[in-house]
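J.: Those letters in the sequence shown? Residues 0 to 409, by numbering that gives the first Met the number 0. Using N, Cα and C, we set each Cβ at its ideal position, and we do this for glycine too. Quick caveat, the model's predicted, so the values are computed rather than measured.
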Amino acid sequence: MFDEENYKELSEYVYRVDKNNKYYNADLKEGAILEGENSTYKVIKIEDNTSNGMQAMAVAPFINGKVDTTEIVIAYAGTNPGDDLDIRTDYQTVVVGSKQLDTSTLFNPADSLIEGQVITAENFAEDIKSDYPTAVVTTTGHSLGEFIALFVAAENGWKNVGFNGPDPYKILSEDAKVWVEENPGMLFNYRNKKDWIGNFGSNGTGAEILVDMDMGGHIRDTLTFHNLDSWEFDEKGHLIIKDTYANKEARLVQAEKLMYARMIELAMLSKKLKASGGGLSTNEEIYLNDTEALIVLESASNSMEIGLEYIIKVYQDAILGVEEIWAEGVQRAKLIGTELSYYEIIDALAEGGATKYEIVNKPTAYYEAKIAKAKQIGASFNQLATDIKASIKKVKDTDEDLARQISQGV
């Protein structure tokens, strides 16, 4: 299972695919083994498109000498400041919204319209879908790379975790726009509040998690705000959002999205089971795979429970907060209008636009709906977890040899 630090590592690695990048690594090719901080990956496909400047890399976990292609991450490279094709893409695709790339120059003004990076990025993704039809695919990237990764994820209904990316909503198909609206927890675009480069394009996809990095705000530090290395992670690979008032919204959005992510993990387990053809053979490898599945299932369940409790508490606190704001406002009004009755004070507040409906009832209804939605997701998660456990048990029960191994503690 890929964590946020894994995605950050891969977003860095893919820059080295570019032959024009000063950090280019000639050994980074199909079949290469990449050593991360806490994970090992195998490159299963790579592309350095010299026509439009797009670089992409697909990797899968490499565990105990074996590649696990039930999980694949596609990483897309961001802007190389020294590459004219990337700079053109930044303007023509990110700013203007064109999927094609005009490569004409002063000395070659003829028709030079070619497929832009988002088109070849989508073609790359289609190849992965074709070669690994049962895989759970996710995308990542930084800056322009995250813009492209978000686009590809939305068009394919995949999860995305990336960093400092402009939002690609305006170039999405109508189907993709519907999908992002219906799947708010599938896209994670971590942005720095001070990063005006990565924050371009508003937040049409809903992917944004806008973090206060407490890094000042001087314009000379613009590139520092946009830097991938500014993000920090805990020992479990989770991206750290400091627990401050300025980050209250970011922490809540992150918690909500992670709750959806737990559902994706279960879907991944289901896909792994189905990939085996519906049955397990009597060998140690399958036994270990199912044991691992149960461990992941238990971990996901614990994470879901903790996240659900946190989200519900935040919303409950918000309800109490608006009630306190209303009560405090009425009390202050009483001190000012000492000769007025309670109802006269309420009428006076209403004339100024401060009604209990707007301040208390309306926000409370919103927060209560969010609590109900969170509980609904939790219930769906628990049902899916129960179904997966039952599925694993059923398969094990039909395999006498496996049952014997388990009973003997093998």
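With DSSP run on the structure shown, which of helix, strand or coil describes I113?
T.: As a first step, residue 113 is located in the sequence shown; it is residue number 114 there, counting from the start. Of the three classes helix, strand and coil, the one that applies to I113 here is strand, per DSSP.
J.: Inspect the beta-carbon positions of K41 and I127 and report whether they are closer than 8 angstroms.
T.: Walking along the sequence shown from the start, residue 41 turns up at place 42. Walking along the sequence shown from the start, residue 127 turns up at place 128. No.
J.: In angstroms with no decimal places, state the Cα-to-Cα distance between T78 and Y90.
T.: By 1-based counting over the sequence shown, the position of residue 78 is 79. By 1-based counting over the sequence shown, the position of residue 90 is 91. When rounded, the distance between both Cα atoms is 11 angstroms.
J.: Considering Cα atoms alone, identify which of I170, W195, E248, G203 is closest to L186.
T.: In the sequence shown, the residue the question calls residue 186 occupies position 187. For the residues I170, W195, E248, G203, the minimum Cα distance to L186 belongs to G203.
J.: Which residues in the same chain have their Cβ closer than 8 angstroms to the Cβ of Y309, if we skip the five residues on either side of it in sequence?
T.: Here residue 309 is taken as the residue at index 310 of the sequence shown, counted from 1. Excluding sequence neighbours, Y309 sits near A254.
J.: Are there 16 or more other CB atoms within 10 angstroms of the CB of N246, so buried, or fewer, so exposed?
T.: As a first step, residue 246 is located in the sequence shown; it is residue number 247 there, counting from the start. Classification of N246: buried, given that the 10 Å Cβ count is 16 or more.
J.: Do the stretch 64-78 and the stretch 3-19 meet, that is, are 3 or more Cβ pairs less than 8 angstroms apart?
T.: Touching, yes.
J.: Thinking C-beta only, is E145 closer than 8 angstroms to G164?
T.: Against the sequence shown, residue 164 aligns to sequence position 165. Against the sequence shown, residue 145 aligns to sequence position 146. In contact: G164 and E145 (Cβ atoms closer than 8 angstroms).
J.: Report the rounded CA-to-CA distance for Y244 versus Y189, giving the unit in angstroms.
T.: Here residue 244 refers to the residue found at position 245 when the sequence shown is read from its first residue. Here residue 189 refers to the residue found at position 190 when the sequence shown is read from its first residue. One C-alpha to the other measures close to 18 angstroms.
J.: Using only the alpha-carbon positions, how far apart do T68 and A153 sit?
T.: For the purposes of this step, residue 68 is taken as residue 69 along the sequence shown, with counting starting at 1. For the purposes of this step, residue 153 is taken as residue 154 along the sequence shown, with counting starting at 1. If I take the Cα positions, the gap works out to 21 angstroms.
J.: Strictly by DSSP, which residues pair up with D101?
T.: Against the sequence shown, residue 101 aligns to sequence position 102. Answer by DSSP bridge pairing, in chain order: L112.
J.: In whole angstroms, what is the alpha-carbon distance linking A384 and R331?
T.: Within the sequence shown, the letter at position 385 stands for residue 384. Within the sequence shown, the letter at position 332 stands for residue 331. If you take the alpha carbons of A384 and R331, they lie about 51 angstroms apart.
J.: Measuring alpha carbon to alpha carbon, tell me which of V151, I170, D83 ends up nearest V95.
T.: Here residue 95 corresponds to residue number 96 of the sequence shown, with the count starting at 1. It is I170.
J.: Taking Cβ positions, are V58 and L27 nearer each other than 8 angstroms?
T.: The sequence position of residue 58 within the sequence shown is 59, counting from 1. The sequence position of residue 27 within the sequence shown is 28, counting from 1. Not in contact: V58 and L27 (Cβ atoms no closer than 8 angstroms).
J.: Can T138 and V151 be called in contact, C-beta distance under 8 angstroms?
T.: Sequence index remark: in the sequence shown, residue 138 carries index 139 (1-based). Sequence index remark: in the sequence shown, residue 151 carries index 152 (1-based). A contact, by the Cβ cut-off of 8 angstroms.
J.: I'd like the span of the alpha helix (DSSP H) that includes L149, first residue to last.
T.: Working through the sequence shown from its first residue, we reach residue 149 at position 150. Start and end: 143-155.
J.: According to DSSP, what are the bridge partners of Q54?
T.: Within the sequence shown, numbered from 1, the residue matching residue 54 stands at position 55. D47.
J.: What is the residue span of the alpha helix (DSSP H) that I86 lies within?
T.: Here residue 86 is taken as the residue at index 87 of the sequence shown, counted from 1. Its alpha helix (DSSP H) spans residues 83-88.
J.: Apart from the five residues just before and just after V66, which ones in its own chain have a Cβ nearer than 6 angstroms to its Cβ?
T.: Working through the sequence shown from its first residue, we reach residue 66 at position 67. K41, A59.
J.: Here's the rule: buried if 16 or more other CB atoms are within 10 angstroms of the residue's CB, otherwise exposed. What is L257?
T.: As a first step, residue 257 must be located in the sequence shown, where it is residue number 258. Classification of L257: buried, given that the 10 Å Cβ count is 16 or more.
J.: How is T223 classed by DSSP in three states: helix, strand or coil?
T.: Within the sequence shown, residue 223 is the residue found at index 224, counting from 1. Correct three-state label for T223: helix.
J.: Please name the residue, chosen from A260, H225, N191, N20, that lies closest to V210 on a Cα-to-Cα basis.
T.: As a first step, residue 210 is located in the sequence shown; it is residue number 211 there, counting from the start. Taking only the C-alpha atoms, the option nearest V210 is N191.
J.: Compute the beta-carbon to beta-carbon distance between A148 and N159, rounded to the nearest angstrom, for a pair I have assumed lies under 8 angstroms.
T.: Working through the sequence shown from its first residue, we reach residue 148 at position 149. Working through the sequence shown from its first residue, we reach residue 159 at position 160. About 5 angstroms separates the two Cβ atoms, so the contact holds.
J.: What does the Cβ neighbour count give for N381, buried or exposed, with the cut at 16 atoms within 10 Å?
T.: For the purposes of this step, residue 381 is taken as residue 382 along the sequence shown, with counting starting at 1. Exposed, because fewer than 16 other Cβ atoms sit within 10 Å of the Cβ of N381.
J.: Give a yes or no on contact between the stretch 223-241 and the stretch 176-184, applying the rule of three or more CB pairs nearer than 8 angstroms.
T.: The answer is no - the stretch 176-184 does not touch the stretch 223-241, with fewer than three Cβ pairs under 8 angstroms.
J.: If you draw a straight line from the C-alpha of Y366 to the C-alpha of A124, how long is it?
T.: One-based indexing of the sequence shown puts residue 366 at position 367. One-based indexing of the sequence shown puts residue 124 at position 125. Their backbone Cα atoms lie some 38 angstroms apart in a straight line.
J.: Quick one: measure Cβ to Cβ for K193 and F224, integer angstroms, because I've assumed they're closer than 8 angstroms.
T.: Your numbering for residue 193 matches position 194 in the sequence shown. Your numbering for residue 224 matches position 225 in the sequence shown. Going by Cβ atoms, the distance from K193 to F224 rounds to 4 angstroms, so yes, they are a contact pair.
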